[in-house]
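A.B. asks: What follows is a single structure, and I will ask about it in a moment.
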Amino acid sequence: MDSFPRLHLSSRLLTQSCVLAAGGGLVGASWGTLMSRAEARDLSEKIVTYLSGTIEQSPSQYLGLSIEDLFLACNPEPESLPAEQLRSVLQFWSRLPKVDGVPDIVKITPEDVRSALGYLILIDIDEENEDFRYALYGSRIAAVSGFDMTGRGVWELESTTTIQTFFAACYIAAQRLRCPVYTIHEAPPAITVSHWHRLILPLGLKGEIKRFLVCNLPIFKGEVR
1484 MDSFPRLHLS SRLLTQSCVL AAGGGLVGAS WGTLMSRAEA RDLSEKIVTY LSGTIEQSPS
1544 QYLGLSIEDL FLACNPEPES LPAEQLRSVL QFWSRLPKVD GVPDIVKITP EDVRSALGYL
1604 ILIDIDEENE DFRYALYGSR IAAVSGFDMT GRGVWELEST TTIQTFFAAC YIAAQRLRCP
1664 VYTIHEAPPA ITVSHWHRLI LPLGLKGEIK RFLVCNLPIF KGEVR
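First residue of the sequence shown? That's 1484 in my numbering, and the numbers climb one at a time after it.
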């Protein structure tokens, strides 16, 4: 089973830590990111436990997150999803040939998921740097959020540290669970939608998860923006 690599201090990070300890201010952000990665790994374990279905608390309470209207589920049924874009992407993923439950594919063509174009993200797993990098960031997502994350990592996301950590933890959890993960959370006030609906689908080669196909819908008053 895939598992996100345990936190380790590379020589680069050790060097940065020594500079920080010596009073240098240049590497403070790197040390903060290192700590956030550890928090994401710990949070992912709680997400996996929550998705087991044995927790009665709300996800925000159990996970200790200040994220409004938080919802998490694994292996959602297509009919439980609120929009055609989410349903069609999940149905496409479900039809793919799989190895150990993971589709044996890493490339997606536009024709495969035409109904969801503009709302799709492809995320590559960067194990060396314990990061998740955006290979594709849908044009509609970029238009609504106000930024394009293509080529950047989850720790560069233009949002709060809480959201960065939560997103990373969800990807780690999906990697461990090897199944679709569906989340909903309230959008920040600066964005003109009420909620983001996110469906995370693992893709891989010979059973090893290499990337995620994500359908990320901005919804306002029940309508996709």
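The C-beta atom is built at its ideal place from N, Cα and C for all residues, glycine as well.
Taking the alpha carbon of ARG1681 as the reference point, which residue from ASP1609, VAL1582, ASN1558 has its own alpha carbon closest?
C.D. replies: Looking at the Cα atoms, ASN1558 is the closest of the given residues.
A.B. asks: Which of the three DSSP states is assigned to VAL1596 in this structure?
C.D. replies: Three-state DSSP puts VAL1596 in a helix.
A.B. asks: Measuring alpha carbon to alpha carbon, tell me which residue in TRP1679, GLU1706, GLY1687 is nearest PHE1554.
C.D. replies: The shortest C-alpha separation from PHE1554 is found at TRP1679.
A.B. asks: By how many angstroms is the C-alpha of GLY1601 removed from the C-alpha of SER1622?
C.D. replies: If I take the Cα positions, the gap works out to 5 Å.
A.B. asks: Can you list, in chain order, the residues of its chain whose CB lies under 6 Å from that of PRO1561, leaving out five sequence neighbours each side?
C.D. replies: Once the five neighbours on either side are set aside, the close Cβ partners of PRO1561 are ARG1570, LEU1573, GLN1574.
A.B. asks: For SER1666, count the other beta carbons within 10 Å of its own beta carbon; 16 or more makes it buried, fewer makes it exposed. Which is it?
C.D. replies: Checking the sequence shown, residue 1666 turns out to be Thr, not Ser. Buried.
A.B. asks: So who's on the other strand from ILE1711, going by DSSP bridges?
C.D. replies: The chain is shown only over 1484 to 1708; residue 1711 falls outside these bounds and no answer can be derived.
A.B. asks: As a quick exercise: from SER1677, PHE1630, LYS1689, LEU1548, pick the residue whose alpha carbon is nearest that of GLU1706.
C.D. replies: Here the closest residue by C-alpha is SER1677.
A.B. asks: Look at the alpha carbon of LEU1709 and the alpha carbon of TYR1533, and state the distance between them as a whole number of angstroms.
C.D. replies: This structure cannot settle anything about residue 1709, because the visible part of the chain is limited to 1484 through 1708.
A.B. asks: Can you tell me whether ASP1614 is buried or exposed? The criterion is at least 16 other CB atoms within 10 Å of its CB, across all chains shown.
C.D. replies: Buried, because 16 or more other Cβ atoms sit within 10 Å of the Cβ of ASP1614.
A.B. asks: If we ignore side chains and look at the alpha-carbon of each, how far apart do ARG1524 and SER1543 end up?
C.D. replies: Straight-line Cα distance between these residues: approximately 17 Å.
A.B. asks: Pick helix, strand or coil for ASP1607, following the three-state DSSP scheme.
C.D. replies: DSSP places ASP1607 in strand when its eight states are reduced to three.
A.B. asks: Let me confirm a value: ALA1626 is counted as buried when at least 16 other C-beta atoms fall within 10 Å, else exposed. Which label applies?
C.D. replies: ALA1626 comes out exposed.
A.B. asks: Check whether the stretch 1640-1653 touches the stretch 1587-1604, counting contact only when three or more Cβ pairs, one atom from each stretch, lie closer than 8 Å.
C.D. replies: No, because fewer than three Cβ pairs between the stretch 1640-1653 and the stretch 1587-1604 fall closer than 8 Å, the two stretches do not touch.
A.B. asks: With a cut-off of 8 Å on the beta carbons, I'd call VAL1582 and LYS1689 a contact; round off their distance for me.
C.D. replies: Contact flag correct, Cβ pair sits at about 6 Å.
A.B. asks: Decide if PRO1671 is buried, meaning its Cβ has at least 16 other Cβ atoms within 10 Å, or exposed.
C.D. replies: It is exposed - the Cβ of PRO1671 has fewer than 16 other Cβ atoms within 10 Å.
A.B. asks: Exposed or buried, PRO1586, counting other C-beta atoms within 10 Å across all chains shown (16 or more means buried)?
C.D. replies: Buried.
A.B. asks: Below 8 Å on the Cβ atoms is my contact criterion, and I expect ARG1597 with ARG1616 to pass it. Report the Cβ-Cβ distance as a whole number of Å.
C.D. replies: Not a contact, Cβ separation roughly 25 Å.
A.B. asks: Just to confirm the assignment, what range does the beta strand (DSSP E) spanning VAL1697 have?
C.D. replies: Start and end: 1691-1703.
A.B. asks: For ALA1657, which residues from the same chain have a beta carbon less than 7 Å from its beta carbon, with the 5 sequence-adjacent residues on both sides left out?
C.D. replies: Same-chain partners within the cutoff: VAL1664, ILE1683, PRO1685, PHE1695.
A.B. asks: Which first and last residues belong to the beta strand (DSSP E) in which PHE1615 is found?
C.D. replies: Element bounds for PHE1615: 1614-1620.
A.B. asks: Which of helix, strand or coil does DSSP assign to ARG1524?
C.D. replies: Correct three-state label for ARG1524: helix.
A.B. asks: Identify whether VAL1589 lies in helix, strand or coil by the three-state DSSP scheme.
C.D. replies: In this structure, VAL1589 counts as coil in the three-state DSSP scheme.
A.B. asks: Please state whether the Cβ-Cβ distance between HIS1668 and ASP1595 is less than 8 Å.
C.D. replies: No, Cβ-Cβ distance for HIS1668 and ASP1595 is not below 8 Å.
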